[in-house]
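Q: Numbering (the numbering used here), first residue to last: 850 to 1320.
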C-alpha cells in the first residue's frame, strides 16, 4: 500500500470507491503502525482493533453494494472524554478509570452512523484542564516532532494520532484552546466551530459555557467533511444551534480575494511571544495579501483578558458540578491542580458576576473588530513545543526571557472560548529547530465556512502535508 497512513479522509474515500485499497487493509495497516509507535508516543489509551476490523468489513460491503455513507471506512480517533457506548471513558482520571457510558456522544453517534471506523480513545490531561497532555492514569503523551517536548492539550492524544499517521481524523473538544493548542504544536489542522454548532451531549458537568466540540485533521477539507456529519441541532444540548443552511465542504470552496483581514501579534495583552513564532505567523498572515486580501496589522486589540477570569470560570464550573466528590478528587487528582482547587473554594457569587461583565465587555470589543474585518489572525500559541520532563509544570519557564505564568504561553485561544466564535489553528511553518508553528484564524459568529475557506487558501499557498515527523 502506498503510504495510506498519510492519506486524507477524502483521499481514502476516493481510493475505496476506485477499489485501489480496502477499508480492512487500511485498518490493519494502521493498527500495525499504532502497535509500533504508540508505546513511545502514548496517543491512544484504549485500542479497539476487533470492533474496528468488524466496522471495516461492514464498510467493504457498503462500497461493494453502492451504499457507502459520507465517512464510510474512514479511521478516526476519539478523545477519552467523549462518551463512547460500552467503551471506557476515563477523562484521564483515576476517578473515572472504570466508567463505561451506556450511550455515545451525539457527535460520535453521527460519525459512526456515517460509517467512520473508531480505532480507539486518545489521551488527555485529567478532566482536560491544562494544555499539557499528562495524567496520573496513563502518563504523558509525547510530541512526534521531538519526543522530549510536550504535544499540547487537552486534545493532545488526538493531535498526535493525526500527526503520527495513525488516522486522518480525530475527535476533540476545546474549552480554552484544547484543539488549537495541540494542533499548532503537532503541525496539524484543528478547528473549534462556533459554540453549540456540534452538540455536547452527554457529558459530566463542567466547562458548560466554554466547551466547543470539534476536530483535528490532516487537511482542511477533512475538517469540513467532519462538520458536515457532526454539526446540527440536538434538543438535549441547551446551547445547540439550528441546522447550518448549507454544506461546509461546499461553502469553503472558492477565492478569498477581497477579504479584509486583521493580524495581531499579541492581541494587545500577551506578555511575550517567541520571536520565530512572530516571524512565521506574520509572514503567513501577509501571504493573504498575495491572494488578493486586504491585510492590516493592528495593535491594542482586546482588553487584558485575564487568565484568572478564565481559571475562575473554569474551576467554578468544574467544582460546582462535582461538589459531592471534591474530597475524592483531591485524593486522586493530578497534584499541580491542588492550588487551583484550593482557590476555587474562595470564589463568590460577586466574583462570578464580575467575570460575566468582563465577558460581555470582551464580546463588545470583538464585535467591533468584526465590523471592520472579516477575519482576525494571531499566533495559535506564544511559543512552539517546549521540553517538560518533570511532572508539574503547566507551561514553559519563560518566553523570550519573560516569566509568563502558567497560562501565558496560550493567551490567544482563551478569549474566543469566552465569545464562542469559530477559530482554527493552521500550520504555517517550522522554526529553526524543526518544530511546527500554527496560525490562528478567527471568524465572526457562525462563520465557520469562511474560517475553513481561509485555512484552505493558506494550505494551498503554504502546503504542509509533505512534512512528516521523524518517528
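Backbone N, C-alpha and C define an ideal beta-carbon position, used for all residues, glycine too.
Assuming residue 1200 is part of the alpha helix (DSSP H), what are its boundary residues?
A: Numbered from its first residue, the chain shown carries residue 1200 at position 351. 1198-1221 is the span of the alpha helix (DSSP H), which, as asked, contains residue 1200.
Q: Is there contact between the stretch 870-878 and the stretch 997-1008, where contact requires at least three CB pairs shorter than 8 Å?
A: Output reads no: the stretch 997-1008 does not touch the stretch 870-878.
Q: Would you mind working out which of 1245, 1112, 1021 sits nearest residue 1225, comparing C-alpha positions?
A: Working through the chain shown from its first residue, we reach residue 1225 at position 376. The residue with the shortest Cα to Cα distance from residue 1225 is 1112.
Q: Could you check if residue 1308 is buried or exposed, using at least 16 other CB atoms within 10 Å of its CB as the buried criterion?
A: By one-based count along the chain shown, residue 1308 stands at place 459. Result: buried.
Q: For residue 1038, which residues does DSSP report across the bridge?
A: On the chain shown, position 189 is the one that residue 1038 refers to. Its beta-bridge partners are 1066.
Q: Are any of the Cβ atoms in chain B nearer than 9 Å to that of residue 1076?
A: Here there is only one protein chain, and chain B is not present.
Q: Using three-state DSSP, classify residue 1231 as helix, strand or coil.
A: To locate residue 1231, count along the chain shown from 1; it is residue 382. Reduced to three states, the DSSP call for residue 1231 is coil.
Q: Return the Cβ separation of residue 1369 and residue 938 in integer angstroms, given the expectation that the two are a contact with Cβ distance under 8 Å.
A: No statement about residue 1369 is possible, as the shown extent of the chain runs from 850 to 1320 and does not include it.
Q: Using a Cβ-Cβ cutoff of less than 7 Å, which residues in the same chain neighbour residue 1123 once the five nearest sequence positions on both sides are dropped?
A: Taking the chain shown and counting its residues from 1, the one referred to as residue 1123 is at position 274. Cβ neighbours of residue 1123 beyond the five flanking positions: 1231, 1232, 1233, 1248, 1249.
Q: Would you mind listing the beta strand (DSSP E) stretches within the stretch 1112-1149 that are 3+ residues and don't spill past its ends, in chain order?
A: Those beta strand (DSSP E) runs which fall completely within the stretch 1112-1149 and span 3+ residues are 1143-1146.
Q: Where does residue 1270 land, buried or exposed, given buried means 16+ other C-beta within 10 angstroms?
A: On the chain shown, position 421 is the one that residue 1270 refers to. So residue 1270 ends up on the buried side.
Q: Going by DSSP in three states, residue 1297 sits in which element: helix, strand or coil?
A: Here residue 1297 refers to the residue found at position 448 when the chain shown is read from its first residue. The answer is helix: DSSP assigns residue 1297 an H, G or I state.
Q: Looking only at C-alpha atoms, which of 1031, 1023, 1236, 899 sits nearest to residue 832?
A: With the chain covering 850 to 1320 only, the question about residue 832 has no answer from this structure.
Q: How long is the line joining the alpha carbons of residue 1108 and residue 1138, rounded to whole angstroms?
A: Translated into the one-based positions of the chain shown, residue 1108 becomes position 259. Translated into the one-based positions of the chain shown, residue 1138 becomes position 289. Going from the Cα of residue 1108 to the Cα of residue 1138 covers about 9 Å.
Q: Touch check for the stretch 1260-1270 and the stretch 1202-1217: three-plus C-beta pairs under 8 Å?
A: Because the criterion of three Cβ pairs below 8 Å is met, the stretch 1260-1270 and the stretch 1202-1217 touch.
Q: Where does residue 1043 fall in DSSP's three states?
A: Taking the chain shown and counting its residues from 1, the one referred to as residue 1043 is at position 194. Coil, per DSSP.
Q: Indicate whether residue 980 and residue 1032 have their beta-carbon atoms separated by less than 9 Å.
A: Stepping through the chain shown from its first residue, residue 980 is reached at position 131. Stepping through the chain shown from its first residue, residue 1032 is reached at position 183. Going by C-beta atoms, residue 980 is not nearer than 9 Å to residue 1032.
Q: Check whether the stretch 907-925 touches the stretch 1070-1078, taking contact to mean three or more Cβ pairs, one atom from each stretch, closer than 8 Å.
A: As far as the Cβ criterion goes, the stretch 907-925 touches the stretch 1070-1078, which means the pair count is three or higher.
Q: Give a yes or no on whether the C-beta atoms belonging to residue 1045 and residue 1088 are separated by under 9 Å.
A: Position 196 of the chain shown, counted from the first residue, corresponds to residue 1045. Position 239 of the chain shown, counted from the first residue, corresponds to residue 1088. Contact flag set, yes.
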